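Everything on this sheet refers to the single structure shown next.
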Amino acid sequence: MKIAIIRRKFTPFGGAENFILRTSLGLSSLGIKFSIISERWKRDVDSSKGISWLEAKSHGFSRIARFLSFQKSVKKIIANNHFDLIQSHERLTGVDIYRLGDGVHAAWVNRIKKISPWYKKIWINIDPYHKEIIRIEKKMSKDNNLFYVANSDLVKNELYEYYKVPKSRIKVIENGIDIKAFNPISISKKKDSKKNLALDPNCPVILFVGSGFQRKGAFELVEAIKLLPNFQAIIVGQDKKIQELKNLAHGYNILITGPQDNIQKYLDASDIFCLPSLYDSLPNAAIEALCCGLPVVLTKDVGLAPHVKKNNAGVICKRDKHSIADSLVSAWDKRKIFSKNALKLAKAFDIKIKSKEWLNLYNELANKKKIKVLHTESSLGWGGQEIRVLTEAKIFSKYGHEVIVAADKNSLIAKRAHLYEVKCEGIKLQKKRFADLLSLRRLIKKVNPDVISCHSSTDHWLSAIARLTLNIKPAIVRTRHISTQVHRNIPSKWLYNHGCESIMTTSESIKNDLTHDKFVRTPITSVPTGIDTDIFVPGNKIQQRKLLKLPQKHFIFGIAATLRSWKGHSDLIQAFNLLNNPSCTLIIIGDGPQMQNYKKLAKNSSYPDNIRFVGDTRNIVPYLQAIDCFV
Numbered sequence: 000m001k002i003a004i005i006r007r008k009f010t011p012f013g014g015a016e017n018f019i020l021r022t023s024l025g026l027s028s029l030g031i032k033f034s035i036i037s038e039r040w041k042r043d044v045d046s047s048k049g050i051s052w053l054e055a056k057s058h059g060f061s062r063i064a065r066f067l068s069f070q071k072s073v074k075k076i077i078a079n080n081h082f083d084l085i086q087s088h089e090r091l092t093g094v095d096i097y098r099l100g101d102g103v104h105a106a107w108v109n110r111i112k113k114i115s116p117w118y119k120k121i122w123i124n125i126d127p128y129h130k131e132i133i134r135i136e137k138k139m140s141k142d143n144n145l146f147y148v149a150n151s152d153l154v155k156n157e158l159y160e161y162y163k164v165p166k167s168r169i170k171v172i173e174n175g176i177d178i179k180a181f182n183p184i185s186i187s188k189k190k191d192s193k194k195n196l197a198l199d200p201n202c203p204v205i206l207f208v209g210s211g212f213q214r215k216g217a218f219e220l221v222e223a224i225k226l227l228p229n230f231q232a233i234i235v236g237q238d239k240k241i242q243e244l245k246n247l248a249h250g251y252n253i254l255i256t257g258p259q260d261n262i263q264k265y266l267d268a269s270d271i272f273c274l275p276s277l278y279d280s281l282p283n284a285a286i287e288a289l290c291c292g293l294p295v296v297l298t299k300d301v302g303l304a305p306h307v308k309k310n311n312a313g314v315i316c317k318r319d320k321h322s323i324a325d326s327l328v329s330a331w332d333k334r335k336i337f338s339k340n341a342l343k344l345a346k347a348f349d350i351k352i353k354s355k356e357w358l359n360l361y362n363e364l365a366n367k368k369k370i371k372v373l374h375t376e377s378s379l380g381w382g383g384q385e386i387r388v389l390t391e392a393k394i395f396s397k398y399g400h401e402v403i404v405a406a407d408k409n410s411l412i413a414k415r416a417h418l419y420e421v422k423c424e425g426i427k428l429q430k431k432r433f434a435d436l437l438s439l440r441r442l443i444k445k446v447n448p449d450v451i452s453c454h455s456s457t458d459h460w461l462s463a464i465a466r467l468t469l470n471i472k473p474a475i476v477r478t479r480h481i482s483t484q485v486h487r488n489i490p491s492k493w494l495y496n497h498g499c500e501s502i503m504t505t506s507e508s509i510k511n512d513l514t515h516d517k518f519v520r521t522p523i524t525s526v527p528t529g530i531d532t533d534i535f536v537p538g539n540k541i542q543q544r545k546l547l548k549l550p551q552k553h554f555i556f557g558i559a560a561t562l563r564s565w566k567g568h569s570d571l572i573q574a575f576n577l578l579n580n581p582s583c584t585l586i587i588i589g590d591g592p593q594m595q596n597y598k599k600l601a602k603n604s605s606y607p608d609n610i611r612f613v614g615d616t617r618n619i620v621p622y623l624q625a626i627d628c629f630v
């Protein structure tokens, strides 16, 4: 399974980015291939092993212009690559999964307006960036094919509150971390860690981790620490107002580190984790703190807060310096019981548990995903292959997929497509006609299918070449219906190894022929032809022979296949002649290019009237019920 993960700014110290890497690495061992689509990626080889990166550029002077250009770049990348599922961590239409790591923007805007001065409220109301984000959120909410994954009940409830997204389209999968990578340390080691950071080893240390100081409450925390003479703080993160925060903290035991790739040494030196955030759906750093046995102090607008309250692993504070200060003192006084409960709570966020939840969701959505299939058929005749194509198309349509058949308007498959309730586009498909290649190219561009299903070398070549000249890159699946030898030459090797993503065969023998001498390396699946067993059932032989005007006492054997040279019709007629028995009748069902030749051969038989050419018939069940033997 190939999955695209979209995250605009992929930074190594971001919480969402760490979540993506952890989940991707946890599932890559199960055969899932991940591709990161982002503007940039400061890639760490060890933490991103097996994950590919696709660059989506953005440009413009305003953030709305950059956002829109990023969207355009992403859609171009998606069109040029085949993914089974597309998971976005940004607000984008046309994806399969939207992971709300940043929460609901409309909810965030309402919160920020409550704490902003009047002039900022006016700007927030008219800011085109906020308007565009909320417009996209509304549009996404109306896409019934989009599935939401919230990382907390806080986000899930706000999705319903703001956009009335049905809860059947939302699943809560909380962030997972490697709980073995974060562990509590002894009191003596903690004192040493504090000394290494030039902090007082005998005084409590409060840890804050997060980028975006205004939203996450860094300024409020500094003000609270000022009220607590014996308390110290470590603030890790990046913000354009970092110097302003340093000025506010000057003269107090507050260490402001800036962004850090690894926060382990800061966790080791800390006694309490605090995040008095205005809004935070589910901070990874807080979960890491739980794993280290740190009590946590959070506002109710942090998605982890209900878990902390329920499990008695910390204190829920208000977003003001006095409440934060009181909560820190309470957490310090009760640190032993809070620490014990924090370690228990942390186990619920084990990456192994969360990876299984993601895997189950991926499999569920991949199986339910509606796709658009374009079947190409160059044959003019009617036989098992054409029946299979239309039957398969009908079944796909029944399950909600969109299926279109491209064939010559004068072909029998085009004329009979409506009987199977399948849409057909009439175009000629001949290998050596450039006009036919252009026609197919226009059709692919118009339909924009997810999959092109080819059934002969002619339409396979046309589809593969047409795809090379287009920006859209649908997957090509080649079905081999017959066991004719594949030419071992360079063009055929390219066609089967680079001109398609998958090959289906209707028998194991055809599959074995393709894999012999490792000629084909593209994945091959053997899928025997299926039939409707409610239709093909035993019948009343006497009654059917009477209706078809066949002799009741004759031994009747027959063949139902397109009249082609390799199908064995001529051998069957010769075998009938060798029987030389007036009580035998041969039924030949089907049509094809060899019809006249076989009729001439039958005329030379000793009993020409006993060889009956039924011709092409859509319903062969009565004949199958009337004969004694199928050859």
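Note that the sequence shown covers residues 0 to 630 in numbering that gives the first Met the number 0. Cβ atoms here follow ideal geometry from the backbone N, Cα and C, with glycine treated the same way. Here the structure is a predicted model, which means the values were calculated and not measured.
Note that the C-beta distance between N182 and N150 is not below 8 Å. Per DSSP, reduced to three states, the secondary structure at M594 is helical. Burial state of H459 is buried, judged by a 10 Å Cβ sphere holding 16 or more other Cβ atoms. Segment contact: the segment 227–240 against the segment 294–302, fewer than three CB-CB distances shorter than 8 Å; contact not assigned. If you look at L254, you'll find it in the beta strand (DSSP E) that goes I253 to G257. Secondary structure in the segment 312–386: the beta strand (DSSP E) runs of 3 residues or longer, each lying completely within the stretch, are 313–316 and 371–376 in chain order. Between the segment 520–536 and the segment 347–355 there are fewer than three C-beta pairs closer than 8 Å, too few to call the two in contact. Distance from the CA of K444 to the CA of L469, rounded to the nearest whole angstrom, comes to 8 Å.
Contact check for L67 against I5 fails: the beta carbons are separated by 8 Å or more.
Straight-line measurement puts the Cα of V519 at about 58 Å from the Cα of I241. Contact between the segment 131–142 and the segment 177–195 is absent, with fewer than three C-beta pairs closer than 8 Å. Look at S582 here: in three-state DSSP terms it is coil, with no helix or strand label. The alpha-carbon separation between A284 and L226 amounts to approximately 25 Å. Within the same chain, Cβ atoms closer than 6 Å to the Cβ of R477 are found at C453, H459, C499 and I502, the five residues on either side in sequence being excluded.
Non-local C-beta neighbours of G591 in its own chain, meaning closer than 6 Å and more than five positions away in sequence, comprise G380, T561, L562 and R563, ordered along the chain.
In this structure, the alpha-carbon of S456 lies about 18 Å from that of I412.
Following the DSSP letters along the chain, one finds Y622 inside the alpha helix (DSSP H) bounded by residues V620 to A625.
With distances taken between CA atoms, R214 lies nearest to D101 out of N156, L546, N229 and D101. Taking 8 Å as the cut-off, the beta carbon of I534 is found no closer than this to the beta carbon of G557. Rounded to the nearest whole angstrom, the C-alpha separation of Q624 and S377 is 32 Å. Between A341 and A304, the CB-CB gap reaches or exceeds 8 Å.
Contact annotation, P282 with G216: C-beta distance approximately 11 Å; criterion of less than 8 Å not satisfied. When the Cα atoms are used, L220 and N252 turn out to be separated by approximately 13 Å.
In the structure shown, the three-state DSSP call for R544 is helix. Listed in chain order, the non-local C-beta contacts of L99 below 8 Å within the same chain comprise Y147, V148, A149, N150, V154, L158 and S280, local neighbours out to five positions each way being set aside.
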